[in-house]
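A.B. asks: This is the structure I want to talk about, given as C-alpha cells.
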Amino acid sequence: MDTLRALELRHSVRSFTDKPIEGDVLATLQKLVAEVNKEAGLHIQLVVNQPKAFDGFLASYGRFKNVQNYFAMVGPKKDAEKVGYYGQKLVLEAQKLGLNTCWVGGTHGKDNNAYEVGKKEKMHILIPVGYGTTQGNPHKGKGLDKLVKTGGGLDEDPAKWPEWFAAGADAALKAPTALNQQVFTLSLDKKDRVTIKESVGIMTGIDTGIVKYNFEVGAASKGCTKVQWAK
Ligand SMILES: Cc1cc2nc3c(=O)[nH]c(=O)nc-3n(C[C@H](O)[C@H](O)[C@H](O)COP(=O)(O)O)c2cc1C
19 MDTLRALELR
29 HSVRSFTDKP
39 IEGDVLATLQ
49 KLVAEVNKEA
59 GLHIQLVVNQ
69 PKAFDGFLAS
79 YGRFKNVQNY
89 FAMVGPKKDA
99 EKVGYYGQKL
109 VLEAQKLGLN
119 TCWVGGTHGK
129 DNNAYEVGKK
139 EKMHILIPVG
149 YGTTQGNPHK
159 GKGLDKLVKT
169 GGGLDEDPAK
179 WPEWFAAGAD
189 AALKAPTALN
199 QQVFTLSLDK
209 KDRVTIKESV
219 GIMTGIDTGI
229 VKYNFEVGAA
239 SKGCTKVQWA
249 K
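Numbering-wise, the sequence shown is residues 19 to 249 according to our numbering.
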C-alpha cells in the first residue's frame with residue numbers, strides 16, 4: 019500500500035482486538051521509531067502490552083477500549099510540531115502494516131513505568147496502536163474554501179491551482195486535528211512557497227506538524243517531492 023492510500027484509509031480508531039503486535043510487524047515499528055528518533059532528535063517509545071495508561075476513567079470517558087500498545091511521543095519541550103510531523107509518519111506507516119491508531123492528547127491516564135521522560139523533555143501525546151475492531155470513519159471536515167486562502171500564487175478557481183498544491187491541500191483536509199478543530203489555513207506565494215497558519219485552538223503545534231506531513235504526502239503523489247515551507 020502506498021502512503022497516500024494509507025492516508026486516505028486512516029481514521030481514528032479507539033477500540034482494539036486482543037491480537038498482539040508481534041514478529042515482523044513489531045520489529046518494523048521498532049526500527050521505524052529508532053530511525054525517526056535519530057533523524058528528529060526525539061525520544062519516542064513504542065510501549066507494548068502495557069494497558070495501564072488506558073485503564074482509568076479518562077480513557078473510558080474517551081471511549082477507548084482495550085488499548086494495549088501505544089507510541090509515547092516524548093521529546094524536547096519545544097518540539098510539538100516535530101512530534102506532530104514524525105508522529106503522523108509513524109501513524110501512516112502503522113496503517114500500511116494493517117494497524118490502526120488514534121492521537122490522544124487528553125483522554126488518557128499515566129504510566130510512569132512504561133516510558134522515560136528525560137530532563138528538558140515532555141511527554142507530548144500518546145498514540146494507541148493495534149488491530150482495530152473497526153477501521154473508523156472519515157471525519158466531517160471543513161472544505162477547501164475554508165482552509166485554503168487564495169491570492170498570491172493561487173487563483174480563486176481551484177481548477178487552476180498547481181496539481182501538487184491541490185493534492186497537498188486535499189491530503190491536509192484529511193489530517194487528524196485535536197477535537198477535529200481544523201483551525202489552520204494554507205496559502206501559496208508567487209515563489210511557490212507554502213504557508214500554514216494556525217488560529218486559536220488547542221495543541222496547534224502538534225496539529226501543524228501532522229498537517230504538514232499529510233500535505234507533503236499529497237504533493238509527492240503529483241511529483242513535488244520537496245515542499246518549500248515559508249516558515
Ligand atoms: C493533537 C490531537 C489530540 C487529540 N486528542 C484526542 C483525545 O484526547 N481523545 C480522543 O478521543 N481523540 C483525540 N484526538 C483525535 C481527534 O478527535 C480526531 O483526530 C479528529 O476528530 C478527526 O478524526 P479522524 O482522526 O478520524 O480523521 C486528537 C487528535 C489530535 C491530532
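Backbone N, C-alpha and C define an ideal beta-carbon position, used for all residues, glycine too.
Predicted model, so just to flag it, every value in this text is computed and none were measured.
So the candidates are Gly236, Thr168, Ala184, Lys160; which of them puts its Cα closest to the Cα of Thr195?
C.D. replies: Answer by Cα proximity: Lys160.
A.B. asks: Going by other Cβ atoms of all chains shown within 10 Å of its Cβ, with 16 needed for buried, is Met91 buried or exposed?
C.D. replies: buried
A.B. asks: Under a three-way DSSP split, which group does Lys107 fall into?
C.D. replies: In the structure shown, Lys107 sits in a helix (DSSP, three-state: H, G or I).
A.B. asks: Compute the Euclidean distance between the alpha carbons of Tyr88 and Val245, then round it to the nearest angstrom.
C.D. replies: Within the model, the alpha-carbon separation for Tyr88 versus Val245 is close to 30 Å.
A.B. asks: Could you say which of Arg23, Trp247, Asp173, Asp20 lies nearest to Asp163 if we only look at CA atoms?
C.D. replies: It is Asp173.
A.B. asks: For Gln153, which residues from the same chain have a beta carbon less than 8 Å from its beta carbon, with the 5 sequence-adjacent residues on both sides left out?
C.D. replies: If the five residues before and after Gln153 are omitted, its C-beta is found closer than 8 Å to the C-beta atoms of Leu27, His29, Val31, Asn118, all from its own chain and listed in chain order.
A.B. asks: Round the Cβ separation of Asp97 and Leu50 to the nearest angstrom and send it over; I've been treating them as touching at under 8 Å.
C.D. replies: Not really, about 18 Å apart at Cβ, beyond 8 Å.
A.B. asks: Alpha carbon to alpha carbon, what distance is there between Met221 and Gln200?
C.D. replies: Looking at the two C-alpha atoms, the distance is approximately 11 Å.
A.B. asks: Counting Cβ pairs closer than 8 Å, one from the stretch 104-117 and one from the stretch 41-58, do we hit at least three?
C.D. replies: In short, these stretches touch, since the Cβ pair count reaches three.
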